[in-house]
Amino acid sequence: MTVILPSWFPSRSDSASGLRLLSSVRGGEDDNVEAAATTPDAEWLSVNSRGSFAMGTIDRCPRRKYHGLLTVRDPGVGEPLNMVAEVEEWLNIGDERVALHSYNWGNAVEPKGVDYLSRFEPLPRWTYEFGGVTFTRELWLENGADAVWIRYTIEGLEEPADLRLRPLIRCRPIHDLTAANPFLNGELDIEDGKSLRVAMHPYKNVPSLIASLHGAPGVFRPDGHWYEGVHYEWERERGYDDAEDLFTPGEFCLDVANDGAFCIRLGTTPAASHEPQVLSSVLGSRRSFVQELDDAAEAYLVELSAGRTGIIAGYPWFGEWGRDSLIALPGLCLARNEVDKALAILESLAARLVNGLVPNIPQNGGVPPNTESIDASLLFIRATALTAKRTRSRRIAALQDVCLDLIERIGEGADSRVHVDAQGFLFVDRGPWALTWMDALVDGWPVTPRQGYAVDLNALWLFGLTTTLRWAKKLRPAFSEKFGETAKKLSDHFEEKFWLQDQGFMTDTHDGNQPDRQLRPNQLWALSLPGIPVDKAHKKRALSAVREKLLTPVGLRTLSPDDPGYQPFYRGGQSERDRAYHQGTVWPWLLGVYT
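Be aware that the sequence shown starts at 3, since it is given in the working numbering, and climbs by one per residue.
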């Protein structure tokens with residue numbers, strides 16, 4: 003599976019309009035961008051400032067359980083909620099009835115709205131044509147609210163037509179599936195005022211859902227029932243259950259004519275009166291490649307609960323992760339001169355330490371933290387050091403003090419699975435855990451065991467020691483007495499521990515008796531961080547090995563193709579994919595360390 007963000011397939015952001023749109027395409031095996039963007043199963047993604055999102059395929063036939071028109075990132079009840087699956091359009095013109103959506107029922111795909119699709123643009127915008135009629139559907143998420151807007155325009159009608167808009171809802175946790183059940187509350191509150199509004203509260207402890215019609219008169223016809231047996235083929239490929247039931251509360255009924263534009267909005271709060279017009283200001287605008295990258299970066303910076311700024315690790319299934327946030331922060335924030343956001347993210351993570359360390363997944367609402375990480379704390383120090391170079395804010399001193407505490411806690415054994423040895427190295431004990439970014443587990447055991455001395459952990463540890471020792475001269479003089487000798491010993495023995503002279507690169511891990519001889523990209527931290535004592539000639543040889551065996555146009559392989567354990571494909575069920583996750587799979591983020 004390839005994810006492509008082509009330069010001509012723009013992401014758009016307009017602070018004045020309140021829109022923020024990110025588009026991406028799921029390509030085919032040939033990795034042809036242009037072909038991928040025109041295939042019916044190419045994926046689109048749109049997000050807002052809260053990290054809520056909509057995603058689907060061009061043909062509007064859902065293939066993932068994550069496909070839908072509104073997934074609420076931070077509902078205040080735990081993990082994200084997939085609220086709205088679809089809004090169907092049924093257009094009745096004379097004796098002809100046209101449906102523009104699609105579902106996979108297991109044995110057939112019906113209806114086939116894609117048959118009428120003449121053009122798709124990455125707003126996203128669908129243009130359908132039938133019988134001389136042009137029907138356009140545009141979709142965006144509202145910034146600052148958990149809501150999706152869909153705007154319609156119709157041209158070419160020779161007589162008024164009857165349009166039915168039917169919402170289908172899920173209101174379930176993002177990773178789950180819904181079955182028809184007696185617990186859903188189908189009671190509706192219908193208000194026909196300035197705009198037609200229908201509200202329902204389908205389940206206890208989840209937000210209400212409000213659907214409203216704007217720009218055209220209409221009525222709502224209650225017709226609550228279940229669509230049973232919608233299938234998601236990509237979930238089946240991934241080894242998961244793939245069938246779900248969807249609920250519809252009824253349909254909006256409109257008499258429509260030419261040249262009119264109208265909207266439907268679905269959200270957890272009522273609409274603001276000005277919102278239906280905001281889309282026009284960004285339509286048709288062209289963006290440079292740099293602007294597109296900037297917009298794509300902004301899509302991962304979100305406003306979380308309690309006014310916090312955070313970084314989303316990835317759409318659709320990842321949330322806020324400590325390690326991922328700290329790896330991405332220099333590029334998403336500092337490279338874009340968003341220093342205040344960088345400070346806010348660091349302060350937010352510092353406020354949610356667990357046992358004095360940065361968790362892998364921070365506490366967020368009712369979701370408990372995940373502490374399976376030791377590198378997140380070390381990456382926090384790196385991110386703070388890079389941020390300190392960009393600002394003289396007084397807020398930096400407090401973050402530097404947190405960094406000294408992190409070194410203290412690691413040195414004291416705050417994570418009982420990690421200790422500092424007599425030469426100053428970090429050693430991860432053997433056990434059923436994975437404390438670095440190569441963290442896939444199968445049957446309770448790490449697929450890529452990186453226990454013992456890991457080269458990236460120790461490079462980050464040495465960088466953290468030398469950096470905090472500089473800061474400690476002003477902040478905490480006693481710190482130098484405690485860790486100065488540790489840093490010196492580690493520096494003196496670092497290259498001896500990790501350099502493989504016969505291989506011409508650095509070992510990935512050392513178990514205390516012997517090094518492994520697998521070529522992996524984790525050594526790049528030792529080659530790129532300042533102050534790590536690696537001979538220049540050795541650096542050149544190691545980079546040459548990485549370039550020859552690991553570098554690809556879209557990222558770095560996690561293992562050399564020459565290795566017997568190399569997995570050339572990432573596919574299959576959960577277990578099969580986890581076995582390949584760090585055993586050859588290409589990861590784009592490693593390009594940042596490489597460059």
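Backbone N, C-alpha and C fix where the C-beta goes; we use that ideal spot for every residue, glycine too. Since this is a predicted model, take the numbers as computed values, not measurements.
*Mind checking whether residue 162 and residue 257 have CB atoms under 8 Å apart?*
Yes, these two residues count as a Cβ contact at 8 Å.
*Can you grab the Cα-Cα spacing for the pair residue 593 / residue 246, in whole Å?*
Rounded to whole angstroms, the separation of the alpha carbons of residue 246 and residue 593 is 39 Å.
*asked:* Please report the distance separating the alpha-carbon of residue 42 from that of residue 395.
replied: Computed Cα separation, rounded: 50 Å.
*Quick one: grab the DSSP three-state call for residue 466.*
Helix at residue 466.
*Specify whether the segment 569-587 and the segment 234-250 touch according to this definition: at least 3 beta carbon pairs, one from each stretch, less than 8 Å apart.*
Judged by Cβ distances under 8 Å, the segment 569-587 makes contact with the segment 234-250, as three or more pairs qualify.
_Which residue wins for smallest C-alpha separation from residue 146, given the options 311, 139, 253?_
The shortest Cα separation from residue 146 among 311, 139, 253 belongs to 311.
*asked:* With a threshold of 8 Å on Cβ separation, who are the neighbours of residue 307 within its own chain once the five nearest residues in sequence on each side are excluded?
replied: Excluding sequence positions up to five before and after residue 307, its CB lies within less than 8 Å of the CB of 76, 78, 366, 367, all in the same chain and listed in chain order.
*Residues bridged to residue 255 [DSSP beta-bridge criterion]*: 166, 221.
*asked:* Need the endpoints of the beta strand (DSSP E) that residue 236 sits in, please.
replied: Taken as a continuous stretch (DSSP letters only), residue 236 belongs to no beta strand (DSSP E), being part of the alpha helix (DSSP H) at 235-239.
*Quick one: is residue 237 buried, meaning 16 or more other Cβ sit within 10 Å of its Cβ, or exposed?*
Residue 237 should be labelled buried.
_Selection from 216, 135, 80 that minimises the alpha carbon distance to residue 174_ = Closest by alpha carbon: 80.
*asked:* Can you check which of these residues, 158, 502, 190, is closest to residue 261 by C-alpha distance?
replied: Its Cα nearest to that of residue 261, the residue 158 stands out among 158, 502, 190.
*Length of the line joining the Cα atoms of residue 351 and residue 333*: Their Cα atoms are separated by approximately 18 Å.
*Is residue 127 near the ligand GDP, judged by its Cβ being under 7 Å from some heavy atom?*
Because no ligand of any kind appears in the structure shown, any question about the ligand GDP cannot be addressed here.
*asked:* On the criterion of 16 or more Cβ atoms from any shown chain inside 10 Å, does residue 181 qualify as buried, or is it exposed?
replied: The residue in question, residue 181, is exposed, as its Cβ has fewer than 16 Cβ neighbours within 10 Å.
*the segment 521-535 touching the segment 480-490, judged by at least three CB pairs closer than 8 Å*: The segment 521-535 vs the segment 480-490: no contact.
*Just the C-alpha distance for residue 354 and residue 316, rounded to the nearest angstrom, thanks.*
Using only the alpha carbons, I get a separation of about 21 Å.
*Return helix, strand or coil for residue 136, following the three-state DSSP convention.*
Strand at residue 136.
_From the DSSP secondary-structure annotation, give me the bridge partner or partners of residue 48._
DSSP output for residue 48 lists 56 as bridge partner(s).
*When the Cα atoms are used, what is the spatial distance from residue 500 to residue 510?*
Whole-angstrom Cα-Cα distance: 8 Å.
*Can you tell me which of the three DSSP states residue 405 falls into?*
Here residue 405 sits in helix by DSSP.
*Assuming residue 514 contacts residue 454 (C-beta within less than 8 Å), just tell me the rounded distance between them.*
About 6 Å separates the Cβ atoms of residue 514 and residue 454, confirming a contact at the 8 Å cut-off.
*residue 356 by DSSP, collapsed to three states: which one?*
In the three-state reduction of the DSSP assignment, residue 356 falls in the strand class.
_Checking the sheet assignment: what are the DSSP bridge partners for residue 202?_
Its beta-bridge partners are 190, 211.
*Does DSSP classify residue 451 as helix, strand or coil?*
DSSP, read as helix, strand or coil, puts residue 451 in coil.
*Work out the CA separation of residue 495 and residue 318 for me, nearest whole Å.*
Approximately 43 Å, taken between the alpha carbons.
*Determine the burial state of residue 183: buried for a count of at least 16 other Cβ atoms within 10 Å of its Cβ, exposed for fewer.*
Classification for residue 183: exposed.
_Quick check: what's the CA-CA separation for residue 442 versus residue 115?_
So the alpha carbons of these two residues sit roughly 40 Å apart.
*Classify residue 206 as buried or exposed, calling it buried when 16 or more other Cβ atoms lie within 10 Å of its own Cβ.*
In the assembly as shown, residue 206 is an exposed residue. Its beta-carbon has fewer than 16 other beta-carbons within 10 Å.
*Cβ-based neighbour list, residue 64, same chain, cut-off 8 Å, excluding 5 preceding and 5 following*: Closer than 8 Å at the Cβ level, and outside the excluded window around residue 64, lie 58, 70, 87, 88, 105, 106, 232, 234.
_residue 394, DSSP secondary structure in three states_ = Under the three-state reduction of DSSP, residue 394 is assigned to coil, being neither helix nor strand.
*Are residue 141 and residue 135 close, meaning C-beta to C-beta below 8 Å?*
Not in contact: residue 141 and residue 135 (Cβ atoms no closer than 8 Å).
*To which residues of the same chain is residue 426 closer than 6 Å at the C-beta, ignoring the five residues directly before and after it?*
These residues qualify, in order along the chain: 488, 491, 492.
*asked:* What does the alpha-carbon distance come out to for the pair residue 590 and residue 529?
replied: Looking at the two C-alpha atoms, the distance is approximately 18 Å.
_DSSP state of residue 142 mapped onto helix, strand, coil_ = Correct three-state label for residue 142: strand.
_Would residue 255 and residue 221 be called neighbours here (beta carbons separated by less than 8 Å)?_
Yes, they are a contact pair.
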